[in-house]
Each structure stands twice: as C-alpha cells, then as structure tokens.
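Colleague: What follows is a single structure, and I will ask about it in a moment.
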Amino acid sequence: LSGGERNRLLLARLFTKPANLIIMDEPTNDLDLETLELLEEKLVDYEGTLLVVSHDRAFLDNVVTSVLVFEGEGVINDYVGGYSDWLAYSQAKAQQLSQVKKSAPVQVAVKPADKPANNKKKKLSYKEQLELQQLPALIEQLEAEHASITEQMGKPDFYRKDAAAIATVTDKLAALDEKLQQTYKRWDELEAAADQSIA
C-alpha cells in the first residue's frame, strides 16, 4: 500500500470503533482532497475530544475549536478558535505590547530623578498615605478590567468584527497595560518611602 492508501485505511478503521478521545499526528499527510474533506466532515461531527497536531492551517481552522500554543519556557496556553483566530489575536497583542514599550522609556527616564530625594528619611504625607491605601483596590479593578478585555479578545468571533472595533479594544487594552504599569510603579515608590520612614 502507498502512504495515502495506508492513511485512508487507518482512518476508515478509526471511525468504525467508538471512542471518546482521538489523538492525531499530521493526519492530512498524503491525503487526496476528497479524503481530506471526508476526514474534516467526520471530525466536525465527532462528539468526543480531539487532540491533533498539524501544519495544515486550513485543516485546523475547519476542525478545531481551540488551539494549544507552546509559548516557550514550558508555558502552554489555550486559545479559543482556530489557528487564524490565534494568529490574529497574537498579532494584535504584539502590536499592543509594542505600543506600551514605546511609552515605557519616557517613564524610566523621568522616574530615576525622583529617587535621590526619596532616600531622605521623610514621612509620607497624609495624601500619600491615603493614596497608598487606595492603590491595591485600584490595581484589582484595573486587573479585572484587563482580564475581561483579554477574555473578550480570546473569543473566536472577536476577530470577525470590523478593523475599527478591533483597534478600539486593542487600544483600550494597551492603555490599561500602561496604567497598570504606572500604578504598580507608584505603589512600589510609596511602599519604599513608607519603609524608609519607619527605618
């Protein structure tokens, strides 16, 4: 038997037996178009769990409902939708991160100038103490909003919206990232100043 014939035979045998889990490694290799379409049809109708590894992006888009992505350093994340949905999400996220990085050097350049003054043992003012008390709640609120937008962007139908709507949401996420970064930095500064005043 040729490679294609052997694969077709294996697929025929696979779908004659009931199973609640199917694991496939490059199932589209050596398949003709007719057999590939039949395989996609069978997998879309399959009611169990399917774990598939494939370089065929169109096949993944037609069949899968979520994608496991190996991000590096042992991190694996699960994204809703097919390969194209994940690709659109990752590109939007990369664009948003690059926007945050562009603004970061300005913050880094300005803040070190304040640190020598903070080295003096000086008590926090009442206003600063109040700000320090309120920061954890503000961070929690910002993180909840961030998680909500990230979840929204993870849904498969998000990238079917028009470009302007997607840009609005990604811009909002970028602004939230920047605000979170500034808030965490401010919290660190006030905590450090509070510790110095106690020392």
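So the mapping is simple: the working numbering equals the position in the sequence shown, first residue as 1, plus 7.
Built from N, CA and C at the ideal position, the CB exists for glycine as well.
Out of Ala182, Leu180, Thr72, which has the shortest C-alpha to C-alpha gap to Lys162?
Modeller: Nearest C-alpha to Lys162: Thr72.
Colleague: Given this structure, state the Cα-to-Cα distance separating Asp92 from Tyr166, to the nearest angstrom.
Modeller: Each residue's Cα considered, the two are about 7 Å apart.
Colleague: Between the alpha carbons of Ala116 and Ser155, how many angstroms are there, rounded?
Modeller: With a pLDDT of only 47 at Ala116, under the threshold of 50, the placement of this residue in the model should not be trusted, and no figure is reported.
Colleague: For Leu58, which residues does DSSP report across the bridge?
Modeller: DSSP lists Ile30 as partners of Leu58.
Colleague: Mind checking which residues open and close the alpha helix (DSSP H) that includes Leu38?
Modeller: Where Leu38 is concerned, there is no enclosing alpha helix (DSSP H), given that its DSSP letter is neither H nor E.
Colleague: Comparing alpha-carbon positions, which option in Gln159, Arg15, Asn36 lies nearest Thr175?
Modeller: The option with the nearest alpha carbon to Thr175 is Gln159.
Colleague: Does Thr157 pass the burial test, meaning 16 or more other C-beta atoms within 10 Å, or should it be called exposed?
Modeller: So Thr157 ends up on the exposed side.
Colleague: Hey, Leu149 and Lys186 are a contact pair by Cβ (cut 8 Å); roughly how many whole angstroms apart?
Modeller: About 6 Å; that satisfies the 8 Å criterion.
Colleague: According to DSSP, is Gln114 part of a helix, a strand, or is it coil?
Modeller: Any reading at Gln114 is ruled out, since the residue's pLDDT is 49, under 50, leaving its predicted position unreliable.
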